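Novice: Here it is, the structure, as structure tokens.
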Amino acid sequence: MGLKIRLARAGAKKRPYYHIVVADSRSPRDGRFVEKVGSYNPMLPSDHPDRVRLFAERIQHWKGQGAQPTERVAKFLGKAGLAPMPEIREQPKSAAPKKKAQERAAAKAAAAAG
1 MGLKIRLARA
11 GAKKRPYYHI
21 VVADSRSPRD
31 GRFVEKVGSY
41 NPMLPSDHPD
51 RVRLFAERIQ
61 HWKGQGAQPT
71 ERVAKFLGKA
81 GLAPMPEIRE
91 QPKSAAPKKK
101 AQERAAAKAA
111 AAAG
């Protein structure tokens, strides 16, 4: 049984709220889980203390049992100092502005500087 520490959605329509749970990797996102180990409220400002709440002792216990955090939960754990911060992936080149947009930005910067 592969265990994951992941988010399970709760809350109303357009008012997301997530429980951080330990679940079997095969069970559905909002389905059966083993234990609730925290919560995440994205509606709160990023500096609010209740935005991400983690039960550190239980998370360490489950990591010792082999539970792997998902990418988003790994970021939370890294910020809380419970795990090393995951590496930030490089943005894909396709997301960069195209040639004409880069030329316009360079011309605008040159006009503002000169």
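Note that the UniProt record's numbering numbers the sequence shown so that position 98 is 98, with each residue one more than the last. No residue lacks a Cβ here, since even glycine has one placed at the ideal position from N, Cα and C. Note that this is a predicted model, so its numbers are computed, not measured.
Report all residues from its chain with a CB closer than 6 Å to the CB of GLY80; omit the five preceding and five following residues, and keep chain order.
Specialist: In the sequence as presented, Gly is not what sits at residue 80; that position holds Ala. Cβ neighbours of ALA80 beyond the five flanking positions: LEU54.
Novice: Quick one: give me the first and last residue of the beta strand (DSSP E) that ALA23 is part of.
Specialist: Note, ALA23: beta strand (DSSP E), 15-24.
Novice: Looking at the unbroken beta strand (DSSP E) that takes in LYS63, where does it start and where does it end?
Specialist: Careful: LYS63 lies outside any beta strand (DSSP E), inside the alpha helix (DSSP H) at 56-64.
Novice: Could you give the first and the last residue of the continuous alpha helix (DSSP H) run that contains LEU77?
Specialist: First-last of the alpha helix (DSSP H) with LEU77: 71-80.
Novice: Given VAL52, which residues of its chain have a CB within under 6 Å of its CB, disregarding the five upstream and five downstream residues?
Specialist: So the qualifying residues of the chain are TYR40 and PHE76.
Novice: If you draw a straight line from the C-alpha of ALA113 to the C-alpha of LYS100, how long is it?
Specialist: Approximately 20 Å, taken between the alpha carbons.
Novice: Run through DSSP, which three-state label would LYS98 get?
Specialist: Coil.
Novice: For GLY78, collect the residues of the same chain with a Cβ closer than 7 Å to its Cβ; drop the 5 residues on either side in sequence, then sort them by chain order.
Specialist: Contacts found: PRO84, MET85 and PRO86.
Novice: For the beta strand (DSSP E) containing ILE5, name the first residue and the last one.
Specialist: Its beta strand (DSSP E) spans residues 3-12.
Novice: Could you give the C-beta distance for ARG29 and ARG9, rounded to a whole number, given that I count them as a contact under 8 Å?
Specialist: Indeed, because the Cβ distance is near 7 Å, the residues count as touching under 8 Å.
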